[in-house]
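Worksheet: the structure to be examined is printed underneath.
2 protein chains.
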Amino acid sequence: MKVATCAAPTNIAVIKYWGKDDVALNTPLNSSVSVTLHQDQLRTTTSVAGGRELQTTRLWLNGQEQPINKRVAIVLREMKQWAIRVRGSDSDATQHLHIVSTNSFPTAAGLASSAAGYACLVAALAEFYGLSKADEEYPGQLSAIARQGSGSACRSLDGGFVAWQKGEQPDGRDSSAVQVADELHWPGLCAVVCVVNDAQKDTSSTTGMQTTKATSPLLAYRAKHLVPERMKIMEKAILERDFQAFGALTMQDSNQFHATCLDTTPPIFYLNDVSRQIIRLVHRYNEQAGRVQAAYTFDAGPNAVLFVEEQHVQEVVSLVHHCFPTSHKMTIKSSIAVDRTPSAALLAKMEAKAENGKAFNLPHIPDSVKMMYVSRVGGGTCVLPADEALVDAPSFWLPEEPALRYLATAVAAAAVTSAVLLRK
Amino acid sequence: MKVATCAAPTNIAVIKYWGKDDVALNTPLNSSVSVTLHQDQLRTTTSVAGGRELQTTRLWLNGQEQPINKRVAIVLREMKQWAIRVRGSDSDATQHLHIVSTNSFPTAAGLASSAAGYACLVAALAEFYGLSKADEEYPGQLSAIARQGSGSACRSLDGGFVAWQKGEQPDGRDSSAVQVADELHWPGLCAVVCVVNDAQKDTSSTTGMQTTKATSPLLAYRAKHLVPERMKIMEKAILERDFQAFGALTMQDSNQFHATCLDTTPPIFYLNDVSRQIIRLVHRYNEQAGRVQAAYTFDAGPNAVLFVEEQHVQEVVSLVHHCFPTSHKMTIKSSIAVDRTPSAALLAKMEAKAENGKAFNLPHIPDSVKMMYVSRVGGGTCVLPADEALVDAPSFWLPEEPALRYLATAVAAAAVTSAVLLRK
């Protein structure tokens, strides 16, 4: 029995991907850029185990066995065929696999777990098969395979700031991610993830993208004529650590993505009234500061990710906590010490009358933000040592009853991860 | 003393106007089309009185004296100069005026009172000065003057279906409205106006348009490249009384207008969670019917206007009443008898599982829709007889104290209008 274990981060797009150019290849209508979040807060861990003893390939997510869906099957096939071409057909590459994966965060909370999940899967498979960058048959092969699992997964392989180039080749090989700058480039940049209560089930992003592409004339225009220029501006802002430019464009691009969702028939709404109040709060915060000090972005759900430089994290976290209080103490998982109470001076500035004489009323919507994560920019996928594997020693690998063992182990692993996070 | 009194309808755009081409001339970035609503439900009445006794020009709206704002001043100036050119400077055209105006509906409810208001003002001034179509110095002069008061006012002069052509001339003279079809053309078409509770003050449309034009790349594209084609499709759908095409494009265009608001920096939100639930309800209603039977449209606020053909008014009104009930009996002002309770068969169809196995949960948000108006397509501005004037006989026109008289009269007139409406 052989086991390989990897961890992967989530990423948050600041130039958004929405709409597939080719559904089968999972290539995008436009390029995108994202920030990789630190794994201290949000992390997926995946172990891949293989051996002659295994009769079928199986998958467990957070302790629950899942059917192998089409996208997982494509990733498994692509990785296996690559391994066989490189290592030969008498290698480990022909074995069946048991794959066990867990997230350090609630899965159904709309925290882009598929990006981290598929990035982690290809990384763990590459480690299992012993495939490295040097083995790539074309540049960006691992990234292109991750992309076929979930588009945004290709951006989770690398740390720092990552651009997913749309690509031009008909086989999609050049539609892969490249690092714009690594995780040490902009150490002061932080992301405050606000998990918003969501009563209603959102349209899945796969379905949503298809409908928007089919019905929104604004999406076609955005993808072809607006995003290329925005990619350049965003990469420049990142390279120059220009928070003003970075933040302004991040907000504009989030809004434009949601505008194309609204231009869809029937329209898709991911932002709810709480999301809108967070947007209003951020614009007001920037207005009183006289500059862009915080920038929101929203993916296919109501959760806000607020980019803030380290020196303003305290203000932003405390404002959100003040305006969206929870009846029980709100869970804030943070790598930075934060006081939950905004200063009287900040509140006074937020509520001061604007030049036009209008007063600003701070929102007050209890129990609408469930929890917050405060994260720095982080690294890409990494290989974990054997003692962090989510599967047990080979002696336990009885093909008849592996599920129970995985379940117990995965739950224990998740508990350990949570405990680590809570201590911080 | 001479008094002229006119009434004017509101109109609801089905191809939306948003953004000015020339702010001073009040010309639009794109053409638009609207439906004129019947005055039985929503009506503005305006009396213009003039005489040598009057020392200044004054204005009362719903019993409150208002300052003469810039737009009113432009309309007064343009009408007066036109009258002097046609009737001579020794005519009534040189007198000061007292203008009294009332709405048959709550003013602050976002029911586009400015369109009806300015249409009524130019109509009453034309009547006062004795100016008719035959006196126009260029085609559409009255419409072009109304447009300078409030853009959409030019569409309220005519009944039925009205297109406001963007125009090409630098002086804006050809930016005026023309009737596509009159109010008898599509007798079965009805509009259900749902007045939605709105806690937050919206961005005014004047400010909103400026910001969207200045910051949204999607608006520029929409105005130049998408609306011209949509105008043709909409006019064809109206002329052919093709509800499917009319309804589908009405919804698309409303959504695209709100998409450009969201693409604005900072973003503008006019739809709230209740608006979104109404949108969801309408799409579901059409889905179960297998065709477009209802179509929503939203202006610069959360109120929904639902277009429905007469035979489906009962279903739509009862569904809205069922999903958005009021704690007290909801006011429904309707020219069509409606039962407030949806049939069990309709509810069953609405809640039936879709082909994909998903169930639809009807929304239930109490006290979110305040009232409804059910209106047919109606006629344009009209001259009212002397006994419907909002001002008293000449003997009462003492320049020192007219305000009190106007106030009393206007309030009495509003009460009569409401009583008439409630009896229907």
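Going down the list, the sequences are from chains Y and P. Note that the first sequence covers residues 1 to 424 in the UniProt record's numbering. Note that the second sequence covers residues 1 to 424 in the UniProt record's numbering. For every residue, glycine included, the Cβ atom is placed at its ideal position computed from N, Cα and C. Bear in mind that the values here come from a model prediction, so they are computed numbers and not experimental data.
Expressed to the nearest angstrom, what Euclidean distance is found between the alpha-carbon atoms of residue i and residue j?
i	j	result
P:Arg291	P:Gln244	7 angstroms
Y:Val196	Y:Ser318	16 angstroms
Y:Glu400	Y:Phe128	Note that Y:Glu400 scores 42 on pLDDT, short of 50, meaning its location in the model is unreliable; the coordinates nonetheless yield the value given after this. One C-alpha to the other measures close to 23 angstroms.
Y:Cys323	P:Gly208	26 angstroms
Y:Trp140	Y:Glu309	Here residue 140 of chain Y is Gly; the residue named in the question, Trp, does not match the sequence. The straight-line gap from Cα to Cα measures roughly 31 angstroms.
P:Val75	P:Lys20	18 angstroms
P:His312	P:Leu306	11 angstroms
P:Arg87	P:Arg77	15 angstroms
P:Met79	P:Asp171	17 angstroms
P:Lys353	P:Val282	16 angstroms
P:Arg58	P:Ile99	6 angstroms
P:Ala83	P:Ser150	21 angstroms
P:Met378	P:Asp135	The amino acid at residue 378 of chain P is misidentified as Met; the sequence shows Gly. Cα-Cα distance, rounded: 25 angstroms.
P:Ala153	P:Ala119	5 angstroms
P:Leu362	Y:Pro217	30 angstroms
Does the beta-carbon of residue i have 16 or more other beta-carbons within 10 angstroms, so that it is buried, or is it exposed?
i	result
P:Ala303	A small fix is needed here, since residue 303 of chain P is Asn in this sequence, not Ala. With 16 or more Cβ atoms within 10 Å of its Cβ, P:Asn303 is classed as buried.
P:Leu142	buried
P:Tyr138	exposed
Y:Leu239	exposed
Y:Gly380	buried
Y:Thr341	exposed
Y:Ser327	exposed
Reducing DSSP to helix, strand and coil, say where residue i ends up.
i	result
Y:Thr36	strand
P:Ser47	strand
Y:Leu219	helix
Y:Ala300	coil
Y:Pro342	coil
P:Pro325	coil
Y:Ile332	strand
P:Pro28	strand
P:Trp18	coil
Y:Tyr373	strand
P:Ser418	Unreliable placement is indicated for P:Ser418, whose pLDDT of 40 sits below 50; no coordinate value is reported for it.
Y:Phe161	strand
Y:Lys2	strand
P:His96	coil
P:Leu249	helix
P:Trp60	strand
Y:Phe360	coil
P:Thr10	coil
Y:Gln311	helix
Y:Asn103	strand
Please check if any C-beta of chain Y sits within less than 8 angstroms of the C-beta of residue i.
i	result
P:Asp182	no
P:Tyr17	no
P:Ile365	no
P:Phe269	yes
residue 438 of chain P	Since the displayed chain P opens at 1 and closes at 424, residue 438 of chain P lies outside it and no answer follows.
P:Asn62	no
P:Ser205	no
P:Pro302	no
P:Leu218	yes
P:Asp273	yes
Please check the pair residue i and residue j, which I expect to be a contact at CB under 8 angstroms, by giving their CB distance rounded to whole angstroms.
i	j	result
P:Ser375	P:Leu37	4 angstroms
Y:Gln277	Y:Asn286	Incorrect: roughly 15 angstroms between the Cβ atoms, too far for contact.
P:Ala7	P:Cys261	The Cβ separation is near 32 angstroms, so there is no contact.
Y:Ile15	Y:Asp253	5 angstroms
Y:Gln179	Y:Gly160	6 angstroms
Using a Cβ-Cβ cut-off of 8 angstroms, state whether residue i counts as contacting chain P.
i	result
Y:His258	yes
Y:Tyr221	yes
Y:Thr250	no
Y:Ile12	no
Y:Leu407	Interpretation of Y:Leu407 is limited by its pLDDT of 45, a score under 50 that renders its predicted location unreliable; the figure taken from the coordinates is listed afterwards. It does not: the Cβ of Y:Leu407 has no partner Cβ on chain P nearer than 8 angstroms.
Y:Arg291	no
Y:Asn197	no
Y:Asp242	no
Y:Gln29	Here the sequence assigns Leu to residue 29 of chain Y, which means Gln is not the residue at that position. Closer than 8 angstroms: no.
Y:Ile278	no
Y:Pro266	yes
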